[in-house]
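The structure appears right after this line, and notes come after that.
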Amino acid sequence: MKGSVNLGIHYKRKAAGDERLMAYSDSDYAGDQDDRRSTSGYVFMLSEGAVAWSFKKQPVVSLSTTEAEFISAAHCACQAVWMRRVLEKIDCKQGTHTIIHCDNMSSIKLAKNPIMHGRSKHIDVRFHFLRELCKGVIELKHCNTQDQIADIMTKALKMDTFEKLRGLLGVCEVPTE
Amino acid sequence: MGANIAEEEETQNMVLYTTAGDPHTYEEAEKDQQWRAAMDNEIAAIERNDTWELTVLPNNSRKIGVKWIYKTKLNEKGEVDKYKARLVAKGYAQQHGIDYTEVFAPAARWDTIRMVLAIAAQRKWKVYQLDVKSAFLHGKLDEDVYVEQPLGYEKKGEEHKVLKLKKALYGLKQAPRAWFSRIETCFVKEGFARCPSEHTLFVKIGEDKKIMIVCIYVDDLVFTGSDERMFADFKASMKREFDMTDLGKMKFFLGVEVVQNDEGIYLSQRKYALEVLERFGLEKANSVRNPMIPGMKLMRNEDGEQVDVTQYKQMVGSLMYLSITRPDLMFGIGLISRYMEKPTTLHM
């Protein structure tokens, strides 16, 4: 912390992606060595700066990485729905669905098709919630681990990865006026 | 959605400011000219505001005590700005269902404020800030609440009488709620619409789709939009209704520093971060570039040497507040906060 007191978030005037909200969702499977619960993490980006983020231990123990990622994506989707409503009110209606980037292929598949039902039926409620949202409000999209900004919320990273992702969050040296 | 304002303010005050040397009691304060003047000012403001009337306490009613609080306010440079005396009601003695019913009041979420700023950055909108003086005194009360006469300001010959409150005092349980509903009514009258998914966000659409957005955080109003003329009208009508300080362009809000320039909008907490380091004696600590050791895992540590729980909690709390502008620290903070129950040297 000492080395970084001058850092802050920058919302860019000329931003790639215009006024479109982007989300990144990730999880850390069974990350807590005491009770083996997983953690969810998400980051929302707007104007190339992070606007909302969360890092939270999941309320239930999940049995697979897919399940952990899935719960995380559902958590992220709830926030997406709320943020889209607020943005609409401030005259920034999201024309299309909000993309949630997720680095786990099978949880994306799970959200799209009712496969592997034997192992996932206990996450039923979240399952239906997410599937319904996938019909229009959000879209789950695969992204490579290297571009997964939400990693910074769920893992202790190596220096170079940490600095790279921090930059992607829009965290930079703040000018003194 | 939105935490209770009173709670929010309390934590803020705890985290943000501490000044030593202010008097604790009326007896200490009355010896000093500057504090007597401060109290005169407070009473004058309360009376100008038509807060109370002197009456006899009805049977079956209780009176609530009041207390003076003294605080030296410093400016950004750390110089004395003013001496402030505040009369507060002992709200902790109030009983639910008798002295108050509903207490919840929403406060803006940082998620919302950051969203508004991110949009303002792209649309080249400037963001401004207004501050309502003695906000809670503006709230109108629905319940009958009686307080004792303040020390040093008892009416001669009528010392046995009490004051019936028409408007709220600081410290009353319902004060934040009463204030919020007052300002809400005022905004609706001004033609603003409340956002149903975020009660502290108000939007007004003018002619030609001109727009103005206001976020309320207790007594701070942050506003932006596409038309400067709407701002002027808004400020004028707010000034008619309340006593306001115009802070101009948003620069400093709840400990967060805001820079607005041609590149966009920047948020940081430099001052606050330095204060936190100083408070925990870490200003001389070595700086690290990575807040975490890669792949690090923490565990409960039953046998480890215990550390001061209160200090640990304060550290975690300060770091949490810092995460407003530092999402990169979130993981580390979330991790250490799990061990608040029983922190050991391992977790420091």
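Chain order of the listed sequences is F and U.
Everything in the first sequence is counted per our numbering, starting at -7 for the first residue and increasing by one.
Everything in the second sequence is counted per our numbering, starting at 5 for the first residue and increasing by one.
C-beta: ideal position from N, C-alpha, C; glycine also.
Does DSSP classify residue i as helix, strand or coil?
i	result
F/Gly46	According to the sequence as given, residue 46 of chain F is Ser; it is not Gly. The answer is strand: DSSP assigns F/Ser46 an E or B state.
U/Asp223	coil
U/Asp212	helix
U/Trp56	strand
F/Thr137	helix
F/Asn(-2)	coil
F/Met145	helix
F/Ala7	coil
U/Arg198	strand
U/Val192	helix
U/Lys35	coil
F/Leu55	coil
U/His164	coil
F/Met37	strand
F/Asp20	strand
U/Met18	At U/Met18 the pLDDT is 41, less than 50, meaning the model places this residue with poor confidence; the figure from the coordinates comes in the next sentence. In this structure, U/Met18 counts as helix in the three-state DSSP scheme.
U/Leu169	strand
F/Leu157	helix
U/Val313	helix
U/Met248	strand
U/Glu12	With a pLDDT of 45 at U/Glu12, under the threshold of 50, the predicted position of this residue should be treated as unreliable, though the coordinate-derived value follows. Helix.
Determine the closest residue to residue i out of the options, with distance taken between C-alpha atoms.
i	options	result
F/Gly159	F/Ala42, F/Tyr34, F/Asp20	F/Ala42
U/Thr76	U/Glu51, U/Ala109, U/Ala42	U/Ala42
U/Val260	U/Thr329, U/Thr228, U/His203	U/Thr329
U/Asp223	U/Pro180, U/Arg233, U/Ile337, U/Phe191	U/Pro180
F/Val73	F/Gln86, F/Ile63, F/Glu61	F/Gln86
U/Thr204	U/Ile215, U/Lys214, U/Val192, U/Leu155	U/Val192
U/Ala122	U/Lys67, U/Ile209, U/Gln264	U/Gln264
U/Val166	U/Tyr174, U/Pro154, U/Gly175, U/Ala172	U/Pro154
U/Lys170	U/Tyr104, U/Phe184, U/Val149	U/Val149
U/Gly268	U/Arg90, U/Phe108, U/Trp129, U/Lys253	U/Trp129
U/Arg90	U/Lys317, U/Glu32, U/Val70, U/Val207	U/Val70
F/Lys81	U/Ala49, U/Trp56, U/Gly321, U/Pro200	U/Pro200
U/Tyr270	U/Val280, U/Met248, U/Met254, U/Leu281	U/Met254
F/Ala22	F/Thr137, F/Leu102, F/Lys147	F/Lys147
F/Phe62	F/Ala103, F/Tyr3, F/Gly128	F/Ala103
F/Thr153	F/Thr137, F/Thr168, F/Ser98	F/Thr137
U/Thr116	U/Ile68, U/Asp212, U/Phe206, U/Met344	U/Phe206
DSSP has residue i in a bridge; who is on the other side?
i	result
U/Val263	U/Tyr270
U/Ala93	U/Val70
U/Lys253	U/Tyr132
F/Glu124	Its beta-bridge partners do not exist; DSSP assigns none.
F/Ile91	F/Met14, F/Glu131
U/Ile217	U/Val207, U/Thr228
F/Cys70	F/Cys70 is not bridged to any residue.
F/Val166	Per DSSP, none; premise fails for F/Val166.
U/Val107	In DSSP, U/Val107 forms no bridge with anything.
U/Tyr157	Paired residues: none, contrary to the question.
Does the CB of residue i have a neighbour CB from chain F at under 8 Å?
i	result
U/Phe257	no
U/Ser201	yes
U/Gly338	yes
U/Arg274	yes
U/Leu205	yes
U/Gly268	yes
U/Val320	no
U/Ile68	no
U/Met119	yes
U/Pro62	no
U/Phe191	no
U/Phe335	yes
U/Val331	It is Pro, not Val, that sits at residue 331 of chain U in the sequence shown. So, interface residue.
Please confirm whether residue i has its beta-carbon closer than 8 Å to some beta-carbon of chain U.
i	result
F/His2	yes
F/Leu160	no
F/Ile82	yes
F/Lys127	no
F/Phe47	yes
F/Lys85	no
F/Met145	yes
F/Val53	no
F/Ser39	yes
F/Arg77	yes
Would residue i be called buried (16 or more neighbouring beta carbons within 10 Å of its own) or exposed?
i	result
U/Ile102	exposed
U/Thr29	exposed
U/Glu46	buried
F/Asp10	exposed
U/His142	buried
U/Val84	exposed
F/Asn96	buried
With 7 Å as the limit, tell me which residues of the region 213 to 230 of chain U have their beta carbon closer than that to any beta carbon of chain B; keep them in chain order. Chain labels in this structure do not include chain B; the protein chains are F and U.
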